[in-house]
Amino acid sequence: MSGCSGGHSHDTGDVNQTLAAQTASQEDADEVAHLEKVCDSFRHFATFAKCARSGQARRVQALPASQRQFLPPSMIPGTPEAEARQHLYHEAEIRNQFFFDSMLRYAQMPNSQDLVREQPTGQPMKWSSDDDISKVSSVLKSLARDWSTDGQAERESCYRPILDALKTYLPGQSGNPPSRLVVPGAGVGRLAAELLSLGYEVQGNEFSLHMLLASDFLLNSGCSPSRQYEISPWMSETKNVCKAEDPVRSIFIPDVDPFELCTRGGHDTEYTPEFSMAAGEFISIYSNPKEHGKWNGVVSCFFLDTAPSMIEYLQVIYDMLADNGYLINIGPLLFHWSGPSTRPDDMNAKDFLAKQSHLDRRYMESIDMTWDDVREIMIRIGFSIEEEKTNVPCRYTANKKSFMNTDYRCVFFVAKKCHSVQNLNHDIV
Numbered sequence: 502m503s504g505c506s507g508g509h510s511h512d513t514g515d516v517n518q519t520l521a522a523q524t525a526s527q528e529d530a531d532e533v534a535h536l537e538k539v540c541d542s543f544r545h546f547a548t549f550a551k552c553a554r555s556g557q558a559r560r561v562q563a564l565p566a567s568q569r570q571f572l573p574p575s576m577i578p579g580t581p582e583a584e585a586r587q588h589l590y591h592e593a594e595i596r597n598q599f600f601f602d603s604m605l606r607y608a609q610m611p612n613s614q615d616l617v618r619e620q621p622t623g624q625p626m627k628w629s630s631d632d633d634i635s636k637v638s639s640v641l642k643s644l645a646r647d648w649s650t651d652g653q654a655e656r657e658s659c660y661r662p663i664l665d666a667l668k669t670y671l672p673g674q675s676g677n678p679p680s681r682l683v684v685p686g687a688g689v690g691r692l693a694a695e696l697l698s699l700g701y702e703v704q705g706n707e708f709s710l711h712m713l714l715a716s717d718f719l720l721n722s723g724c725s726p727s728r729q730y731e732i733s734p735w736m737s738e739t740k741n742v743c744k745a746e747d748p749v750r751s752i753f754i755p756d757v758d759p760f761e762l763c764t765r766g767g768h769d770t771e772y773t774p775e776f777s778m779a780a781g782e783f784i785s786i787y788s789n790p791k792e793h794g795k796w797n798g799v800v801s802c803f804f805l806d807t808a809p810s811m812i813e814y815l816q817v818i819y820d821m822l823a824d825n826g827y828l829i830n831i832g833p834l835l836f837h838w839s840g841p842s843t844r845p846d847d848m849n850a851k852d853f854l855a856k857q858s859h860l861d862r863r864y865m866e867s868i869d870m871t872w873d874d875v876r877e878i879m880i881r882i883g884f885s886i887e888e889e890k891t892n893v894p895c896r897y898t899a900n901k902k903s904f905m906n907t908d909y910r911c912v913f914f915v916a917k918k919c920h921s922v923q924n925l926n927h928d929i930v
């Protein structure tokens with residue numbers, strides 16, 4: 502199983518050189534510093550959770566006695582009932598930190614226990630940012646979605662339409678090499694692994710190093726249903742909670758053996774499909790002319806609307822596809838980089854941009870579009886729409902026990918790359 506061009510890679514066959522080890526061995530000081538920053542956030546996660554609990558207890562203690570008297574005993578610090586509740590959360594913190602420490606140990610990076618031992622006496626700890634801790638929490642929820650029985654219904658609603666479409670539009674043919682697919686925004690790797698199990702050659706692409714370290718561990722370390730980890734993905738949630746034990750409930754990962762899943766696809770053919778993960782930003786990797794015409798399919802799930810410019814994503818996808826290649830997509834149009842609206846007192850564009858200068862410039866460049874707009878853009882780029890469904894119900898890392906979840910009504914489509922692109926310059930004024 503090979504690596505990939507255009508970015509750092511790890512694959513299911515390389516257990517001696519982890520993604521973290523590849524990154525740490527580079528001469529790029531910024532890359533190494535970023536790796537250490539990400540690993541710190543995994544090391545710090547349990548401490549942040551404990552501090553959040555302490556902050557809640559301080560707020561309770563600060564209540565006036567006239568209000569505190571009505572609290573149930575389980576909310577009053579120091580009572581046996583409160584101690585029992587805190588014990589549940591402490592155990593959840595240990596579960597999650599044990600998983601992350603195991604992941605860091607596999608990555609050949611210091612874990613939380615090493616951090617305690619190696620911290621110089623009298624030197625203040627440099628703690629992670631809230632943003633990085635939030636990304637760690639997202640990893641836990643993604644693991645639940647992709648690698649637990651708890652996430653099976655979500656996977657069925659999001660992944661099944663994609664898998665069925667591939668069997669229709671890019672079926673495997675005996676005696677032929679497997680079709681080559683890219684899965685951008687691959688997260689912790691389940692969709693890419695499922696495609697590999699069907700006999701396709703697959704390259705996952707992921708920008709988040711938090712997700713990449715987790716997928717590297719799940720896919721390559723020997724995790725299996727007989728060697729599961731117990732985690733509490735929703736431990737940090739404090740709103741829309743029904744019962745105190747709901748956020749700390751356990752799930753077990755993985756629900757299947759990732760190695761068996763990834764090696765299933767080559768059993769009935771003379772070709773062994775390759776699997777790799779490309780670490781890096783989608784545009785920077787696949788806009789490279791070396792990637793043009795190289796892929797038979799791009800499979801995107803909850804990905805296209807993460808683009809600062811969806812048009813640019815679609816152009817890159819068109820170029821990287823071979824003639825008659827397919828873009829198969831499911832997801833909403835959330836537009837992650839959607840920026841603030843112009844106000845009546847914004848005198849001109851220059852003043853408006855100056856007022857918003859604290860924001861990443863991509864928030865000011867992103868354009869919200871309707872599905873009708875996106876469809877026409879694809880046709881103008883050179884795609885034909887082979888299949889289209891709207892209002893497809895999906896959820897994303899939903900907490901089944903929460904009082905609030907987002908029910909997306911997604912668009913699912915299959916777009917085919919045509920041989921020629923119509924010259925539309927006359928339409929531009």
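The opening position of the sequence shown corresponds to residue 502 in the numbering used here, with each subsequent residue numbered one higher.
Glycine included, every Cβ here is placed at the ideal spot set by N, Cα and C.
Source: prediction; values computed, not measured.
With a Cβ-Cβ cutoff of 8 Å, do residue i and residue j count as a contact?
| i | j | result |
| --- | --- | --- |
| tyrosine 590 | methionine 811 | no |
| phenylalanine 836 | tyrosine 814 | no |
| threonine 524 | valine 533 | yes |
| glutamate 889 | tyrosine 670 | no |
| glycine 883 | tyrosine 819 | yes |
Helix, strand or coil: how does DSSP classify residue i here?
| i | result |
| --- | --- |
| valine 539 | helix |
| threonine 622 | coil |
| asparagine 789 | coil |
| serine 506 | At serine 506, the pLDDT of 34 sits below 50, so the modelled position is not reliable; the number obtained from the coordinates is stated separately. Coil at serine 506, not helix or strand. |
| glutamate 738 | coil |
| valine 915 | strand |
| serine 639 | helix |
| alanine 666 | helix |
| methionine 610 | coil |
| arginine 681 | strand |
| lysine 851 | helix |
| glutamate 761 | helix |
| isoleucine 577 | coil |
Can you tell which of the options has its C-alpha closest to the C-alpha of residue i?
| i | options | result |
| --- | --- | --- |
| serine 867 | Ala855, Phe884, Gly840 | Gly840 |
| arginine 554 | Asp541, Cys540, His588, Leu564 | His588 |
| valine 934 | Val875, Thr898, Ala654 | This structure leaves residue 934 out entirely; the chain is present only between 502 and 930. |
| alanine 547 | Ser635, Phe760, Arg646 | Ser635 |
| tyrosine 660 | Asp531, Cys802, Val683 | Cys802 |
| serine 725 | Asn825, Pro625, Phe760, Phe571 | Phe760 |
| aspartate 869 | Gly705, Gln816, Leu834 | Leu834 |
| alanine 666 | Ala583, Arg606, Ile831, Arg544 | Ile831 |
| serine 709 | Asp847, Val637, Ala855 | Val637 |
| lysine 642 | Ala823, Lys917, Ala899 | Ala899 |
| alanine 916 | Glu775, Ser603, Gln816 | Gln816 |
| aspartate 632 | Asp541, Tyr897, Glu775 | Asp541 |
| serine 658 | Cys895, Tyr909, Lys918 | Cys895 |
| proline 473 | Arg544, His535, Arg586 | Since the displayed the chain opens at 502 and closes at 930, residue 473 lies outside it and no answer follows. |
| valine 684 | Leu699, Gly673, Pro672, Val703 | Val703 |
How many Å lie between residue i and residue j at the Cα?
| i | j | result |
| --- | --- | --- |
| threonine 907 | serine 649 | 20 Å |
| methionine 821 | leucine 697 | 20 Å |
| glycine 686 | asparagine 849 | 36 Å |
| serine 858 | threonine 843 | 14 Å |
| glycine 652 | aspartate 852 | 47 Å |
| proline 581 | alanine 779 | 51 Å |
| isoleucine 878 | alanine 645 | 35 Å |
| serine 885 | isoleucine 829 | 12 Å |
| glycine 794 | glutamate 731 | 43 Å |
| isoleucine 595 | aspartate 647 | 22 Å |
| asparagine 960 | lysine 538 | Residue 960 is absent from the model: the chain starts at 502 and stops at 930. |
| leucine 805 | phenylalanine 549 | 32 Å |
| glutamine 568 | glutamine 557 | 15 Å |
| serine 777 | proline 790 | 19 Å |
| arginine 606 | asparagine 677 | 41 Å |
| glutamine 562 | methionine 576 | 10 Å |
| arginine 559 | cysteine 552 | 10 Å |
| glycine 705 | valine 749 | 31 Å |
Does any CB atom of chain B fall closer than 8 Å to the CB of residue i?
| i | result |
| --- | --- |
| leucine 822 | Looking at the structure shown, chain B is missing, and only one protein chain is on hand. |
- Item | Cβ pair count under 8 Å reaching 3, the segment 731 to 751 against the segment 888 to 907 | yes
- Three or more C-beta pairs below 8 Å linking the segment 711 to 720 and the segment 747 to 763: yes
- Are the segment 677 to 692 and the segment 615 to 631 touching by the rule of at least three beta carbon pairs closer than 8 Å? no
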